[in-house]
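Read through the structure below, which is laid out as structure tokens, and then see the notes.
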């Protein structure tokens with residue numbers, strides 16, 4: 001476990017000897033650059049920063065941490081929104097931004113192999129000349145790293161059709177919390193043994209650090225068509241979404257923005273969305289031309305049948321880009337209409353969309369806190385933006401209450417406390433809303449198996465760290481059979 | 001660990017007290033019924049059989065085993081082909097065939113919830129009236145159980161397009177090897193925390209027993225079209241397969257049979273495949289009608305361009321069923337042309353198909369052992385059927401050598417020792433061909449976390465069981481940093 005007794009100067013010397021002094025930062029001013037990730041409300045200055053350039057150096061850093069008993073936190077581009085890469089004050093922040101090689105692009109077996117610091121969009125750029133791309137597309141794809149995507153199992157607008165990061169990573173090279181380099185998965189589908197690859201993707205830095213990532217490439221679609229439909233409100237837009245999915249169409253993306261989000265996007269990027277709309281849907285279809293053509297006509301009809309007041313069809317790539325510009329810049333745009341805001345992230349079953357949106361509106365009215373909604377409607381992944389002014393007495397607290405209450409709504413509707421931003425530092429406290437003690441304990445058995453010293457990103461994901469020395473199954477004092485009233489059996 | 005000192009009579013009494021005498025089998029004659037699964041070359045009579053009817057009973061059985069220190073093995077329908085459900089002579093075989101309730105079919109959120117003993121095809125039958133089906137379709141789908149599919153991460157002909165069992169299970173209730181009931185995953189996509197669901201699917205009974213399975217339902221396609229193309233040999237058929245995939249078409253299935261497999265199928269089920277064909281491909285497309293129509297024409301053209309000597313298009317469901325009858329009965333049909341045979345299961349990258357098939361033919365000629373090939377060509381999942389006559393001196397050994405050499409070919413080509421049948425008892429010895437000691441040790445850390453007593457299906461999957469008491473990472477005597485020549489760092 002981390003300790004205030006770690007000798008930071010000695011650890012810095014170990015790191016310099018292992019990977020070279022030019023890859024270790026110990027200057028306090030420089031260290032401050034790394035004090036937070038995309039969730040800027042939490043700030044911790046790390047004791048040291050290491051910038052390894054390959055897997056061997058990364059493993060050497062972890063081994064030095066193990067030897068010193070110092071915690072370590074991995075960080076890619078630092079765009080995460082749950083504080084998953086928040087540094088540890090007594091530990092080493094291992095930054096992967098110098099591990100940016102695209103090792104291989106192999107169209108013949110539809111794979112790319114990259115280092116973890118490679119930017120998401122760079123994979124698609126390297127694959128496009130071969131007729132392929134990398135499908136998962138977080139809004140931050142121009143800057144976020146593949147390693148961070150792996151840690152958080154990142155989603156994006158097109159994950160409705162194509163799945164999350166976990167559906168696109170087939171192999172990893174990983175530094176375990178012991179400092180071993182191991183391979184999980186590979187290039188072929190469905191390797192034998194436990195699917196530790198699957199467990200690692202989304203483990204938020206608690207099971208080790210990915211040093212090489214093998215991803216699936218997806219063939220560029222023959223045809224892409226995008227429409228933007230305006231509705232009187234989110235109820236009608238939600239009904240249109242349900243009708244599209246119920247018709248058996250699987251769009252590449254179905255995105256919704258409500259009136260407040262539209263207002264913000266207009267103020268920021270002048271995307272020209274229909275004025276006065278209570279909600280807009282962006283629906284994108286891709287695939288073989290005959291399929292897209294037939295289904296696009298159906299989507300247009302279903303939007304009209306469900307009360308669309310205006311439908312625009314992107315005439316060319318420039319117009320499509322404009323539709324998306326409003327959506328992809330919406331989070332930042334909210335800064336134009338509110339001094340402060342919380343980006344919330346939850347999931348609900350798509351069928352619960354109208355009810356949950358109504359309840360969010362009620363919460364907003366009750367507490368006098370505006371909430372803008374921008375989200376992946378197709379898979380029920382909400383991103384409510386809770387607006388407030390920290391300068392107004394009590395508003396921060398009320399905004400946090402509303403934000404927390406929204407998560408309660410998601411869980412009560414059969415959903416989840418996070419869709420794609422991860423648990424990280426921010427949502428660890430919410431985990432017991434979804435999981436029983438037994439469920440969380442079972443997860444922590446795996447954490448302890450990988451990281452018995454609790455040095456890999458401690459304090460994240462789990463609300464109550466498990467003491468790894470406890471015997472599994474014997475952690476509640478009594479034998480489980482006795483607790484279950486089965487003592488007479490034995 | 002298992003032990004000859006387990007008092008079987010006392011354990012039987014515990015089980016009877018826990019779940020009722022009518023659900024416990026201890027009669028030697030009755031126990032023999034369970035001595036093997038689909039891989040009949042290994043036979044072990046279990047000490048006891050338990051037939052729980054719900055999750056609580058299943059957990060009670062596991063707790064009784066834990067209390068007695070007795071190993072336990074779960075079994076569904078017993079159709080597995082890797083000996084994964086081979087009983088333990090001193091342990092309890094936990095048979096799920098009385099857990100056959102379809103708990104819920106929910107078209108609104110495209111999920112079904114079933115008990116583990118439910119037959120694969122029964123899920124589709126329950127979903128069809130709602131316009132849905134369950135996609136993974138092992139050849140044994142009329143008899144294999146969903147619980148067994150989860151344990152082995154079963155595939156099937158249509159997994160090329162739709163993915164394996166792991167892509168279709170969103171939630172599980174599981175009895176851990178401690179006897180706790182926990183939930184992994186749920187109904188929503190992408191829950192937070194470790195994806196233990198993914199690790200559990202395909203863990204072959206070593207991490208616990210699934211007692212409730214939530215699966216994705218897939219909408220019945222608007223259109224299905226199937227063709228059967230004959231070729232001079234597997235080279236031409238393989239080239240056609242590659243051409244189809246390279247054209248960006250993702251068929252629902254691309255299945256290949258070579259001359260010997262065709263001969264066997266004809267002898268058994270008179271499916272009327274083109275006489276004299278050196279290989280046949282069955283290509284099935286499904287999806288929206290306009291897509292299927294456009295792509296089907298292209299598939300037909302690509303088959304002709306690559307030397308198809310005859311192409312038949314299924315005129316109706318009856319003819320489609322006939323095409324598939326030959327393919328799906330091929331394994332059993334081989335019994336018509338050979339007294340004994342081994343069903344092998346390996347994966348290769350699709351691009352290596354022609355070369356590996358040629359090498360298998362050379363092996364066959366060199367050793368005088370016939371090999372029939374029936375396989376999922378689209379995703380490179382081979383099923384060579386190695387034919388022999390156990391009555392002929394030395395043939396069994398030569399057949400086993402050829403079968404093992406085929407796996408070596410698969411691994412050397414960048415593939416895997418199993419595609420969908422699992423490692424089980426049969427292939428544990430081959431695991432070191434694919435994984436380093438560190439890789440296997442990392443997997444076993446997870447096994448030890450779940451099952452520190454090694455009671456859950458011991459002897460399967462791993463060639464060398466790990467002693468769970470060993471400190472992780474410290475198992476090779478030296479500190480890893482020293483081994484890596486990094487001792488000077490510390």
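Protein chains in written order, with full-length UniProt numbering: chain A, 1 to 490; chain B, 1 to 490. Note that CB positions come from ideal geometry on N, CA and C, so glycine has one too.
In the displayed model, residue 425 of chain B falls within coil according to three-state DSSP, outside both helix and strand.
For the pair residue 7 of chain A and residue 66 of chain A, the Cα-to-Cα distance works out to about 13 Å.
With contacts defined by Cβ atoms closer than 8 Å, residue 174 of chain B and residue 209 of chain B form a contacting pair. Per DSSP, residue 235 of chain A lies in no beta strand (DSSP E) segment; the continuous alpha helix (DSSP H) that holds it begins and ends at 234–246. Partner residues in a beta bridge of residue 206 of chain B, as assigned by DSSP, do not exist. Straight across, the Cα-Cα distance linking residue 72 of chain B with residue 466 of chain A is about 28 Å. Excluding five sequence positions before and after residue 44 of chain A, the CB atoms of its chain that fall closer than 8 Å to its own CB belong to 35, 36, 86, 87, 88 and 89, given in chain order.
Taking a Cβ-Cβ threshold of 7 Å, none of the residues of chain A is close to residue 141 of chain B; the smallest such distance is about 18 Å. Chain A places no beta carbon closer than 8 Å to that of residue 25 of chain B, leaving this residue out of the contacts. Around residue 187 of chain A, the beta-carbon contacts reaching into chain B at under 8 Å are 349 and 414. Of all residues in the stretch 444–463 of chain B, only 445, 446, 447, 448, 449, 450, 452 and 461 come within less than 8 Å of chain A when Cβ atoms are compared, listed by chain position. At a cut-off of 8 Å between beta-carbon atoms, residue 162 of chain A makes no contact with chain B. For residue 203 of chain A, the chain B residues whose C-beta falls within less than 7 Å of its own C-beta are 194, listed in chain order. With contacts defined by Cβ atoms closer than 8 Å, residue 148 of chain A and residue 82 of chain A do not form a contacting pair. Distance from the CA of residue 182 of chain B to the CA of residue 59 of chain B, rounded to the nearest whole angstrom, comes to 10 Å.
Within chain A, not a single residue places a beta-carbon under 8 Å from that of residue 175 of chain B; the smallest gap is close to 11 Å. Boundaries of the alpha helix (DSSP H) harbouring residue 120 of chain B: 120–127, taken from the DSSP string. Sequence-ordered contacts of the stretch 211–224 of chain A with chain B read 219 and 222 [C-beta pairs closer than 8 Å]. Bounds of the beta strand (DSSP E) holding residue 340 of chain A are 340–343.
Two segments are said to touch when three or more pairs of C-beta atoms, one from each, lie closer than 8 Å; by this definition the stretch 126–136 of chain B touches the stretch 164–173 of chain B. At a cut-off of 8 Å, the C-beta of residue 419 of chain B has a neighbouring C-beta in chain A. Looking at the backbone, the Cα of residue 456 of chain B and that of residue 69 of chain B are separated by about 11 Å.
Bounds of the beta strand (DSSP E) holding residue 283 of chain B are 279–287. Scanning its chain for C-beta atoms nearer than 8 Å, with the 5 sequence neighbours on each side dropped, one finds around residue 128 of chain A the residues 220, in chain order. Contact check for residue 413 of chain A against residue 254 of chain A fails: the beta carbons are separated by 8 Å or more.
If you look at residue 439 of chain B, you'll find it isn't in any beta strand (DSSP E); it sits in the alpha helix (DSSP H) that goes 437–450. Taking a cut-off of 8 Å for Cβ pairs, the stretch 276–289 of chain A and the stretch 225–235 of chain A touch, as three or more such pairs fall below it.
DSSP assignment within the stretch 322–399 of chain B yields the following whole alpha helix (DSSP H) runs of 4 residues or more, N-terminal first: 330–333 and 353–367. Chain-ordered listing is empty here: chain B has no CB closer than 9 Å to the CB of residue 425 of chain A, the nearest sitting near 13 Å. Around residue 19 of chain A, the same chain offers 50, 52, 57, 60 and 61 as residues with beta carbons nearer than 7 Å, after the five sequence neighbours per side are excluded. Note on residue 362 of chain A: under 16 other CB atoms within 10 angstroms of its CB, so exposed under the neighbour-count rule. Proximity of chain A to residue 149 of chain B at the Cβ level (cut-off 9 Å) is not reached, the minimal Cβ distance being about 13 Å.
A Cβ of chain B is located within less than 8 Å of the beta carbon of residue 191 of chain A.
The beta carbon of residue 379 of chain A falls within 8 Å of a beta carbon belonging to chain B, placing the residue at that interface. Close to residue 295 of chain B, with beta-carbon spacing below 8 Å, are these residues of chain A in chain order: 288. Look at residue 162 of chain A here: in three-state DSSP terms it is helix.
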